[in-house]
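Add 1 to the 1-based position in the sequence shown for the numbering used here, that's all there is to it.
In this text, a Cβ means the ideal position worked out from N, Cα and C, and glycines have one as well.
Contents: one structure, followed by commentary.
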Amino acid sequence: MEVKSTSKSVPVGADRVIKKTYPVLEMTCAACAVSVESILNHTPGVAQAAVNYANQSTTVSFDPTVIDQQGLQNAVRSIGYDLVIDQEDPQLVQQQAQQRHYEALKKRTLWATLLSVPVVMIGMFFMDLPGGNWIMMGLSAPVVFVLGRSFFVNAWKQARHKKANMDTLVALSTGIAFLFSAFNTLFPDFWHQRGLHPHVYFEAAAVIVAFISLGKLLEERAKSNTSSALKKLMGLQPKTVRVVENGQELELPIAQVRVGQLLVVRPGEKIPVDGLVESGSSYVDESMISGEPVAVEKSSGSPVFAGTINQKGSFRFHAEKVGGDTILAQIIRMVQQAQGSKAPVQKLVDQIAGIFVPVVLGIALVTFTAWMVLGGDNAFTYALLNSVTVLVIACPCALGLATPTAIMVGVGKGAENNILIKDAESLELGYKVNAVILDKTGTITEGRPKVTDLEWLATATEPLKQILYSLEAQSEHPLAEAVVERLKEENIRGVALDRFESLTGRGVTGQHGGKTYYIGNRRLLAERGITLIGFPQRAAETWQSQAKTVVYFFNDTTVLALLAIADPVKETSRQAIQTLQRRGIDVYMLTGDNPQTASAVAKQVNLTDFRAEALPNDKAAFVQQLQQQGKVVAMVGDGINDSQALAQADVSIAMGRGSDIAMDVAKMTLITSDLNSIPKALNLSKNTVQAIRQNLFWAFIYNVIGIPIAAGLLYPINGFLLNPMIAGAAMALSSVSVVSNSLRLRSLKL
2 MEVKSTSKSV PVGADRVIKK TYPVLEMTCA ACAVSVESIL NHTPGVAQAA
52 VNYANQSTTV SFDPTVIDQQ GLQNAVRSIG YDLVIDQEDP QLVQQQAQQR
102 HYEALKKRTL WATLLSVPVV MIGMFFMDLP GGNWIMMGLS APVVFVLGRS
152 FFVNAWKQAR HKKANMDTLV ALSTGIAFLF SAFNTLFPDF WHQRGLHPHV
202 YFEAAAVIVA FISLGKLLEE RAKSNTSSAL KKLMGLQPKT VRVVENGQEL
252 ELPIAQVRVG QLLVVRPGEK IPVDGLVESG SSYVDESMIS GEPVAVEKSS
302 GSPVFAGTIN QKGSFRFHAE KVGGDTILAQ IIRMVQQAQG SKAPVQKLVD
352 QIAGIFVPVV LGIALVTFTA WMVLGGDNAF TYALLNSVTV LVIACPCALG
402 LATPTAIMVG VGKGAENNIL IKDAESLELG YKVNAVILDK TGTITEGRPK
452 VTDLEWLATA TEPLKQILYS LEAQSEHPLA EAVVERLKEE NIRGVALDRF
502 ESLTGRGVTG QHGGKTYYIG NRRLLAERGI TLIGFPQRAA ETWQSQAKTV
552 VYFFNDTTVL ALLAIADPVK ETSRQAIQTL QRRGIDVYML TGDNPQTASA
602 VAKQVNLTDF RAEALPNDKA AFVQQLQQQG KVVAMVGDGI NDSQALAQAD
652 VSIAMGRGSD IAMDVAKMTL ITSDLNSIPK ALNLSKNTVQ AIRQNLFWAF
702 IYNVIGIPIA AGLLYPINGF LLNPMIAGAA MALSSVSVVS NSLRLRSLKL
């Protein structure tokens, strides 16, 4: 199958297409993003390109055999922007460029403001000052053509490619206002001879540049705040590491670390890459990955993860995953992709932004023509003034920022609450979910067997516990580890066994001190001729009714202890399910386990609707069945067997401790094992969509109301005409208000 680029000139091989995200520099408005996206999509070799104005990046799918990264960069540069293709640390390059841009913008805004203030004072309060027009022209010229030079340069670059953006509107409005005023200053008699006063609008041209620069300054600061969660994640990565080579410790940049190298971590340091501990021991704070506040003990053979914080101990470990392969890097990449992805509503907004500037130019032309025809004695002055005001007030930036800023803040808020969101679509759809399907093992339950009950029928002496420990430590049965872990909690250690034998399908046996001991199931107990009566019988039956596995520890004549093993339900599962049910969401449980166990678990969490012995295709079919009933379905799972159902669901949520495949398929990943994150994720979706709708409403209503007023619609009614510099202030305020509304999500309590 061949995928064609939109230029329809060079075939793009689907099997050769690669997908990469690059920072974009010099974008100043939403229409800029549309221009970059358009030029990339029309570049031979590009299968698809999507540009996100809010986080200043583009995701490009391209065929490297047709076009390389340099070719992509050249295409973007041809229309006045730039692409960061430095693969060492592109985000750092972008941050540095944005910082330089921010500092330059701050200086330009300061000087534009300082020079504009006397122009406004003269223009509004000292109109009859001798030589006032000449002073205003002298002060406003550097504001418009030096400090506002970028507007004209960018507008020209756009015009060369038959495109227009916000810079086009600003350049036309300020340029025309200044040139008209300069003509009236240089040739006032032209108007005097016609009985008209030569009005000047230097203050409007200067203040427009100052206000728009101030608006962009505030916008840049606000946009940097929307990605603060991502910056925090990036801040978890240490810059240097200590590597052991030939017995000596060397400090190297983290980029030079290779798989297999031996690294040293000292107390209080961040772990630089993923690996396995070789020697030493410590406790590590892994809350940024697991969400669990308790530090985890690390010793020889224990895994460690980049970005986690070592506590008081020191250890050496071998690097297993470095660079982009670490879990932290994957988390950062997932957040970046989610913040750069587009919500479905954004596609419509992009189309509107693409035609917005040409439409505004058309409205300005109609405004000019209408005033020339109907404006009376001062028709030309009114026509020019009002068409300039239309150009100034019509701002596509608020429209372009409405969706992506809310998505960026929403994704960042999710990351802070251990909810990783892969794309904007799932965030936009989450609030509609009215059916949630939960896998049992590892989702509702802990996902690993534990000894829930231990009853000693004989005196629980330490030698007996040591023998039990030794038998289970050598057993290969999956449940044996649960017994070992339980005895470890009591600081029990093993003893040497004289003999050990595995009894397939029944248990194990061993000898110590001349006596034979057994641990196994009821079948092994019966084989040895031992019968349960009284309390042991009642305890075993009670545990079995609760879907627990009962294990017996005995010698040749007597049962010494009974153990019940089960996969325990997480402490928060019942609470999370009740929260969802209170919101009117139907909750189901699907499991491949037997009906008895499924029923017992469902009862513990107050679920009445569950399916047992469900195969992977059964789970997917059940999701489809609910969808056919008109439900919006969220599937929550952690295993490979859940991946089919996750792919079928409208919103797919993976548990962070689950399989890589489940996390790859799912649109959201819960880093923590706490199911309370599910209602939090749905609540985040609801508030994010609410913010998007509010932003779009204000962006649209602003232009619907502002443009007619700027065109002079109120003049026949009450004689009101909007001053161009007030229009410039309103335009700047609209973008800042949209971003500020999105930033409210940061203080949201999920």
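Problem set entry | Exposed unless 16 or more other CB atoms sit within 10 angstroms - verdict on R267 | On the sequence shown, residue 267 is found 266 positions in, with the first residue counted as 1. That one is exposed.
Exercise. If we count the other Cβ atoms within 10 Å of its Cβ and call it buried at 16 or more, is T169 buried or exposed?
Worked result: As a first step, residue 169 must be located in the sequence shown, where it is residue number 168. The residue is buried, with at least 16 neighbouring Cβ atoms inside 10 Å.
For this session: Check H319 in the structure and name its three-state DSSP category.
Result: For this step, residue 319 is matched to residue 318 along the sequence shown. DSSP, reduced to helix, strand and coil, places H319 within a strand of the structure shown.
Exercise. When burial is assigned at 16 or more other CB atoms within 10 Å of the CB, is S743 buried or exposed?
Worked result: On the sequence shown, residue 743 is found 742 positions in, with the first residue counted as 1. Looking at its Cβ environment, which holds 16 or more other Cβ atoms inside 10 Å, S743 is buried.
Problem set entry | In DSSP terms, what I520 is bridged to | Taking the first residue of the sequence shown as position 1, residue 520 is located at position 519. I520 pairs with V509 and F554.
For this session: Could you work out which residue in T406, I566, S600 and G638 is closest to Y54 when comparing CA atoms only?
Result: Taking the sequence shown and counting its residues from 1, one reaches residue 54 at position 53. Closest by alpha carbon: T406.
For this session: Please confirm whether N704 and A205 have their CB atoms less than 8 Å apart.
Result: Start at 1 with the first residue of the sequence shown, and residue 704 comes out as number 703. Start at 1 with the first residue of the sequence shown, and residue 205 comes out as number 204. No, the pair does not count as a contact, with Cβ atoms beyond the cut-off.
Exercise. Under a three-way DSSP split, which group does V253 fall into?
Worked result: Position 252 of the sequence shown holds residue 253. At residue 253 the sequence reads Leu, which differs from the Val that was named. Residue state for L253 is assigned as strand, using DSSP reduced to three classes.
For this session: For D756, count neighbouring C-beta atoms within 10 Å of its own C-beta (all shown protein chains included) and say buried if the count is 16 or more, exposed if not.
Result: The chain is shown from 2 up to 751; residue 756 falls before or after that span and cannot be answered.
Exercise. For L116, which of E104, V145, Y103 and A105 has the nearest alpha-carbon?
Worked result: What you label residue 116 is simply residue 115 of the sequence shown in a count that begins at 1. Looking at the Cα atoms, V145 is the closest of the given residues.
For this session: Assign P717 to buried or exposed, taking buried as 16 or more other Cβ atoms, counted over all protein chains shown, within 10 Å of its Cβ.
Result: Along the sequence shown, read from residue 1 onward, the residue named residue 717 stands at position 716. When all chains shown are included, P717 counts as exposed.
Problem set entry | Proximity to A283 [Cα-Cα], best of G308, L253 and R317 | Along the sequence shown, one-based indexing puts residue 283 at 282. Checking the sequence, you will find Ser at residue 283 rather than Ala. Checked all of G308, L253 and R317; the closest Cα to S283 is R317.
Exercise. Does DSSP put G281 in a helix, in a strand, or in coil?
Worked result: The residue given as residue 281 occupies position 280 in the sequence shown. Looking at G281 - three-state DSSP - the assignment turns out to be strand.
For this session: Kindly list the residues whose CB is nearer than 6 Å to the CB of T550, restricted to its own chain and excluding five residues on each side of it in sequence; keep chain order.
Result: Counted from its first residue, the sequence shown places residue 550 at position 549. Cβ within range, chain order: I566.
Problem set entry | Among M656, A692, G72 and E456, nearest to K441 - alpha-carbon criterion | Looking up residue 441 in the sequence shown gives position 440. The residue from M656, A692, G72 and E456 with its alpha-carbon nearest to that of K441 is M656.
Exercise. Which residue spans inside the stretch 413-491 form an unbroken beta strand (DSSP E) run of at least 3?
Worked result: Correct list: 420-422, 436-440 and 451-457.
Problem set entry | Of the listed residues R494, V484, R101 and L627, nearest to E456 (C-alpha basis) | Taking the first residue of the sequence shown as 1, we reach residue 456 at position 455. Ranking R494, V484, R101 and L627 by Cα distance to E456 puts V484 first.
Exercise. From A731 to D129, what distance separates their C-alpha atoms?
Worked result: Walking along the sequence shown from the start, residue 731 turns up at place 730. Walking along the sequence shown from the start, residue 129 turns up at place 128. Their Cα atoms are separated by approximately 29 Å.
For this session: Within the same chain, show all residues whose beta-carbon is closer than 8 Å to that of A160, passing over the 5 residues directly before and after it, in chain order.
Result: Walking along the sequence shown from the start, residue 160 turns up at place 159. The beta carbon of A160 sits closer than 8 Å to those of T169, all from its chain and outside the five residues before and after it, given in chain order.
Exercise. In whole angstroms, what is the alpha-carbon distance linking I693 and Y432?
Worked result: As a working note, residue 693 is residue 692 in the sequence shown. As a working note, residue 432 is residue 431 in the sequence shown. In this model, I693 and Y432 are separated by some 13 Å (Cα to Cα).
For this session: Under the assumption that V120 contacts F184 (Cβ atoms under 8 Å), give the Cβ distance between them as a whole number of angstroms.
Result: If you number the sequence shown from 1, residue 120 lands on position 119. If you number the sequence shown from 1, residue 184 lands on position 183. The pair is not a contact, with the Cβ atoms about 17 Å apart (cut-off 8 Å).
Problem set entry | Coil, strand or helix - P294 by DSSP | Within the sequence shown, residue 294 is the residue found at index 293, counting from 1. Interpretation of P294 is limited by its pLDDT of 45, a score under 50 that renders its predicted location unreliable; the figure taken from the coordinates is listed afterwards. In the structure shown, P294 sits in coil (DSSP, three-state: anything other than H, G, I, E or B).
Problem set entry | Limits of the alpha helix (DSSP H) - the one that R529 falls within | As a first step, residue 529 must be located in the sequence shown, where it is residue number 528. Bounds of any alpha helix (DSSP H) do not take in R529, whose DSSP letter is neither H nor E.
For this session: Output yes or no for whether 8 Å exceeds the beta carbon distance between G415 and A682.
Result: For this step, residue 415 is matched to residue 414 along the sequence shown. For this step, residue 682 is matched to residue 681 along the sequence shown. Their beta carbons are under 8 Å apart, which means G415 touches A682 by this criterion.
For this session: Work out the CA separation of V47 and R17 for me, nearest whole Å.
Result: Position 16 of the sequence shown, counted from the start, is the residue given in the question as residue 17. Position 46 of the sequence shown, counted from the start, is the residue given in the question as residue 47. Taking the straight line joining both Cα atoms gives about 11 Å.
Problem set entry | Start and end residues, beta strand (DSSP E) containing Q49 | Here residue 49 refers to the residue found at position 48 of the sequence shown. Start and end: V47 to N53.
For this session: Starting from the C-beta of T114, find all residues in its chain whose C-beta is less than 6 Å away, skip the five residues before and the five after it, and write them out in chain order.
Result: Counting from 1 along the sequence shown, the entry for residue 114 is found at position 113. For T114, same chain residues with a beta-carbon under 6 Å away, outside a window of 5 residues either side, are A211 in chain order.
For this session: Please confirm if the stretch 303-312 is in contact with the stretch 270-279, defined as three or more CB-CB distances below 8 Å between the two stretches.
Result: The stretch 303-312 vs the stretch 270-279: in contact.
For this session: Out of G281, G324 and R243, state which residue places its alpha-carbon closest to the alpha-carbon of V260.
Result: Within the sequence shown, numbered from 1, the residue matching residue 260 stands at position 259. Considering only alpha carbons, the answer is G324.
For this session: Mind checking who P405 pairs with in its DSSP beta bridge?
Result: By one-based count along the sequence shown, residue 405 stands at place 404. Note: P405 sits in no beta bridge, so no partner.
Exercise. Based on the DSSP secondary-structure assignment, which residues constitute the bridge partners of A768?
Worked result: As displayed, the chain neither begins before 2 nor continues past 751, which places residue 768 out of reach and without an answer.
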